[in-house]
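Visitor:
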Amino acid sequence: MHGFNLQDGCTVVVAFRGTDSFEDVIADATLGKTRWTTSSETLERAKWTLISRKHTQVHMGFLTQYLGKGNTAPDGKSAPLDEQLNERVLRAVRAQLDEIRLETPGREELLVCGHSLGGALATCCVFDLFQQGVAPLP
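Residues in the sequence shown are numbered consecutively from 13, following my numbering.
#1: If you draw a straight line from the C-alpha of V105 to the C-alpha of F28, how long is it?
#2: Have a look at I63 and Q69 and give me their C-alpha separation to the nearest angstrom.
#3: Excluding the five sequence neighbours on either side, which residues of its own chain have a C-beta within less than 8 Å of the C-beta of I112, listed in chain order?
#4: Taking just the CA atoms, how far does L129 sit from D36?
#5: Which partner residues does T46 have in the DSSP bridge list?
#6: Roughly how many whole angstroms lie between the Cα atoms of E95 and Q77?
#7: Going by the CB atoms, is the gap between D140 and T50 shorter than 8 Å?
#8: Within a Cβ cutoff of 6 Å, which residues of the same chain sit near A132, ignoring the five residues on either side of it in sequence?
#9: Applying the criterion that 16 or more other CB atoms from any shown protein chain within 10 Å of the CB defines a buried residue, is A39 buried or exposed?
#10: Whole-angstrom Cβ separation of K45 and H71, contact assumed at under 8 Å?
Structure (structure tokens):
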């Protein structure tokens, strides 16, 4: 598991852990840049593509980790093995923010954080949340 999320009143927190495994070290050391994508299939094609400056670029290892698959959802509950990490985060955060918006409109707050590798994953997450319309720009 790369992180977790929780809800405390009107605040949703998404936190990503730092480097903790050999797989994480490999991700940190995968230095190439690639075009931002949230699809692992597109990522495979984008890895070796020359990127123009018009496109958003991201560290290949960080994006690979952000799209990583696992068996634990950010809320600690089991999730389908074939669901990408970013999809689980988006689904959980969207549900929590929607609940807050229904109960106390305009009071929702979102905090996304991480340490080391987790900071890079948090950055990817914030970009994804805004891009997918889950969280508006402040």
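We put the CB at the ideal spot given by N, CA and C, even for glycine.
Predicted model only: the values in this text are computed from it and were never measured.
Guide: Concretely, from the data shown:
#1: The residue given as residue 105 occupies position 93 in the sequence shown. The residue given as residue 28 occupies position 16 in the sequence shown. Taking the straight line from one Cα to the other gives about 14 Å.
#2: Mapped onto the sequence shown, residue 63 falls at position 51. Mapped onto the sequence shown, residue 69 falls at position 57. Since pLDDT at I63 reaches only 46, below the 50 mark, its modelled position is unreliable, and the value read off the structure follows with that caveat. Answer to the nearest angstrom: the Cα atoms are 8 Å apart.
#3: As a first step, residue 112 is located in the sequence shown; it is residue number 100 there, counting from the start. Excluding sequence positions up to five before and after I112, its CB lies within less than 8 Å of the CB of Q19, C22, V24, R119 and E120, all in the same chain and listed in chain order.
#4: As a position in the sequence shown, residue 36 is number 24, starting the count at 1. As a position in the sequence shown, residue 129 is number 117, starting the count at 1. In a straight line, the C-alpha of D36 is about 8 Å away from that of L129.
#5: Numbered from its first residue, the sequence shown carries residue 46 at position 34. Looking at the DSSP assignment, T46 forms a beta bridge with V70.
#6: Locating residue 95 in the sequence shown gives position 83, counting from the first residue. Locating residue 77 in the sequence shown gives position 65, counting from the first residue. Spanning the two alpha carbons is a distance of roughly 13 Å.
#7: Locating residue 50 in the sequence shown gives position 38, where the first residue counts as 1. Locating residue 140 in the sequence shown gives position 128, where the first residue counts as 1. In contact: T50 and D140 (Cβ atoms closer than 8 Å).
#8: One-based indexing of the sequence shown puts residue 132 at position 120. Counting only Cβ-Cβ distances below 6 Å, and skipping sequence neighbours, we find F74.
#9: For the purposes of this step, residue 39 is taken as the residue at position 27 of the sequence shown. Counting Cβ neighbours within 10 Å, A39 comes out buried, since at least 16 surround it.
#10: Within the sequence shown, numbered from 1, the residue matching residue 45 stands at position 33. Within the sequence shown, numbered from 1, the residue matching residue 71 stands at position 59. With 8 Å as the limit, K45 and H71 qualify as a contact, their Cβ atoms being about 6 Å apart.
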